[in-house]
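Going line by line, the protein sequences match chains G and W. Okay, so the first sequence: first residue is 136 according to our numbering, each after it adds one. Okay, so the second sequence: first residue is 136 according to our numbering, each after it adds one. All residues carry an ideal CB built from backbone N, CA and C; glycine is no exception. All values derive from a computational prediction rather than experimental measurement. Heads up, the thing below is written out as structure tokens.
2 protein chains.
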Amino acid sequence: MSAKHAPKKNFLLEAMPAAEFKRIAPHLELVSFEKGDVLYEFEEKLKYGYFPTSLIASLLCSMEDGVTAEVAVVGREGVLGESIFMGGKTALTQASVQHAGEAYRLKSSILKDEFDQCGALQHLLMRYTQTLIVQMAQTTGCNRRHTAEQQLSRWLLLNIDRLSSHKVSMTQESLANVLGVRRETITDVAGKLQESGVISYSRGQIEIIDRTKLEALSCECYDIVKKQYDDLLAELAVKEGRGPLSKKAGSC
Amino acid sequence: MSAKHAPKKNFLLEAMPAAEFKRIAPHLELVSFEKGDVLYEFEEKLKYGYFPTSLIASLLCSMEDGVTAEVAVVGREGVLGESIFMGGKTALTQASVQHAGEAYRLKSSILKDEFDQCGALQHLLMRYTQTLIVQMAQTTGCNRRHTAEQQLSRWLLLNIDRLSSHKVSMTQESLANVLGVRRETITDVAGKLQESGVISYSRGQIEIIDRTKLEALSCECYDIVKKQYDDLLAELAVKEGRGPLSKKAGSC
DNA sequence: GATGGTCTGTACGGTGCCGCACGTAAATAC
DNA sequence: GTATTTACGTGCGGCACCGTACAGACCATC
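Rendered as structure tokens:
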């Protein structure tokens, strides 16, 4: 199931120059995942890196008592399995599929080798890792300082951005897991959002009715992460047409 | 004030092969910082990367209302200013000095150029960035799930590890800022630790009396971050003698 | 159309931390 | 040695979220 040139969109793959993409294209496999699938566990040896096209995954920190907390959201703008190219062998977090969909997977060895060519892919992956770090930092602060309502709003916004849809499929139970709160707290908070006409919610189907209100209810964390994401995309778009990325010639 | 070969210890610099170190050595400047100094603000353009030898800095996420929350701790095992080599221009977080001390600073351009040689330094910095990511992820979860007492214990342990001392100089006010809680909460929690003979505390001087108890009071987050840190150090030690790092020959 | 599973709503006491206000004691300044 | 600053202690009401328990509402299946 080797991929044609960008049949489905992953923004990082899309931004690669054609010559480089050709090298890895034969090794890309498009695979499907269901909600709840775990791409890898914390400290697990990584066989593949994943470039989502339609799925969305959460990077989760799972605690001793079994509860979890989301560290970051990754969709088609990113990649899963940073530690492959960052020089480690094992996963830095758990990665869990929140919205079913597809991703290109690439064997760790291939990904690492291509990364070590010090070409465009290296730049792209590191650049993306930066946005991931900012998202993690902001999530840390958000967990410390903001209310469940703000966090739910932020989460919904981050996810519909990555879905290009105003509908999210997610039970209160699942939301509680990613946000690291009780299921009842979600019932409470989501209920308020529904009353004020911001969302409608029924048996795991959330529909965003009033995005503007949702943004107002969210905290600055959304804006900060969004800005990073936008900056990254803008940068990727500039490179389109697959010219060489602006990298110092001969630096490697 | 160019540096001799490793006159003070920064573990990353120490782990560089001699040939590479020679290239950057003339550009390293040893500089002193006081507690409270801000090395860079979030989104600030970075002039220098910093390799701490004796100082300890916090990476902080600062919120709209002026409050802050610590995202990670960086000491002589690490580097400050990742975004220089990760391809961005601006700081991903604020970096604030918690314990006065020294660091080697290196102009961004020099650091970036050396990084782009795809040699040992690149590997080292990326490897370190990984441990940083794990620390951030764990801090996120810790903020979500653990009590102020657990977090204070974790913080103290992380810091004395980096100081090789059992004394920490830090007012309750400062502690409240990094942990993202009220000053009074620190009074409360630190008071309990003092009563049970774990620490002694007087006007900004904390002394760890019973490290074992402190570890018991801390959460698993300390162990996880510590393990990452130990693994990194072990890896660096193996490379000592400044042989070439195990990097695929000719990959660049 | 009865059954069992999934998903959501509600209720109640408990607690960890907040916000605020004020008091005190040690260090510093002069 | 008096004044001021810095650091710490305390007390009280409040609130967000927790833990637990249970009830209803919707869905699938047969």
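query: In this structure, how does DSSP classify LYS302/W when only helix, strand and coil are distinguished?; result: strand
query: With a CB to CB cut of under 6 Å and the five nearest residues on each side skipped, what residues in its chain are close to VAL303/G?; result: ASN294 and ILE341
query: Taking the continuous beta strand (DSSP E) assigned at ALA238/W, which residues delimit it?; result: 236-242
query: For PRO187/W, is the classification buried or exposed, using 16 other Cβ atoms within 10 angstroms of its Cβ as the cut-off for buried?; result: buried
query: Could you name the residues of the stretch 201-224 of chain G whose beta carbon sits closer than 9 Å to any beta carbon of chain W, in the order they occur along the chain?; result: VAL202, THR203, ALA204, GLU205, VAL206, ALA207, GLU217, SER218, PHE220, MET221, GLY222 and GLY223
query: Please give me, in chain order, every unbroken run of the beta strand (DSSP E) with length at least 3 that falls completely inside the stretch 186-215 of chain W.; result: 191-197 and 203-209
query: With 8 Å as the threshold, decide whether the Cβ of GLU169/W is near any Cβ in chain G.; result: no
query: For GLU217/G, collect the residues of the same chain with a Cβ closer than 6 Å to its Cβ; drop the 5 residues on either side in sequence, then sort them by chain order.; result: THR264
query: With 8 Å set as the bound, which would you pick, yes or no: does the beta-carbon of HIS258/W sit closer than that to a beta-carbon of chain G?; result: yes
query: Got a sec: is the Cβ-Cβ distance from ALA372/W to anything in chain G below 8 Å?; result: no
query: Our contact map puts GLU284/W next to LEU352/W with C-beta atoms below 8 Å; I'd like the distance itself, whole angstroms only.; result: 6 Å
query: What does the alpha-carbon distance come out to for the pair LEU194/G and ALA238/G?; result: 16 Å
query: So which residues on chain G does LEU390/W lean against when the C-beta distance must stay under 8 Å?; result: This structure leaves residue 390/W out entirely; chain W is present only between 136 and 387.
query: By the three-class DSSP mapping on this structure, what secondary structure does GLY184/W have?; result: strand
query: What residues are listed by DSSP as bridge partners for ALA230/G?; result: TYR175/G and LEU194/G
query: Between ALA272/W and chain G, is there a C-beta pair that is closer than 8 Å?; result: yes
query: Excluding sequence positions up to five away, which residues of its chain have a Cβ less than 7 Å from the Cβ of ILE219/G?; result: LEU181, GLY184, SER243, LEU246 and LYS247
query: Out of curiosity, what's the CA-to-CA distance linking GLY326/W and LEU349/G?; result: 42 Å
query: How is the alpha helix (DSSP H) around SER309/W delimited, first residue to last?; result: 307-314
query: Please compile the residues from chain W whose C-beta is within a distance smaller than 7 Å of the C-beta of VAL269/G.; result: LEU227
query: Assuming the contact rule is C-beta atoms closer than 8 Å, ARG318/W and GLN307/W should be a hit. Round their C-beta distance to whole Å, please.; result: 5 Å
query: Since I believe TYR357/G is in contact with ARG289/G (beta carbons under 8 Å), could you give me their beta-carbon distance rounded to a whole number of angstroms?; result: 4 Å
query: Hey, how far is the Cα of GLY254/G from the Cα of GLU155/G?; result: 8 Å
query: Let me check understanding here. Comparing Cα to Cα, which of ALA207/W, GLU164/W, ILE268/W and HIS281/W lies closest to GLU199/G?; result: HIS281/W
query: Under the rule that 16 or more other beta-carbon atoms within 10 Å means buried, what is HIS258/W, buried or exposed?; result: buried
query: Look up SER218/G in the DSSP assignment and give the residues it is bridged to.; result: DSSP, once it has assigned bridges, lists no residue as partnering SER218/G.
query: Are three or more beta carbon pairs between the stretch 159-168 of chain G and the stretch 200-213 of chain G nearer than 8 Å?; result: no
query: Just to confirm, are ALA207/W and LEU148/W a CB contact at a threshold of 8 Å?; result: no
query: Taking the alpha carbon of ASP366/W as the reference point, which residue from ALA311/G, HIS301/G and GLY222/G has its own alpha carbon closest?; result: GLY222/G
query: How many Å lie between ILE343/W and ASN312/W at the Cα?; result: 20 Å
query: Would you kindly report the start and end of the unbroken beta strand (DSSP E) that includes LEU165/G?; result: 164-168
query: By alpha-carbon positions, which one of GLY315/G, ALA192/G, ASP251/G and MET151/G ends up nearest to ALA235/G?; result: ALA192/G
query: Within the same chain, show all residues whose beta-carbon is closer than 7 Å to that of VAL316/G, passing over the 5 residues directly before and after it, in chain order.; result: ALA283
query: Looking at MET261/G: is its Cβ nearer than 8 Å to the Cβ of ALA272/W?; result: no
query: Residues bridged to ILE334/G by DSSP?; result: ILE343/G
query: Can you give me the C-alpha to C-alpha distance between LYS361/W and SER337/G, rounded to a whole angstrom?; result: 44 Å
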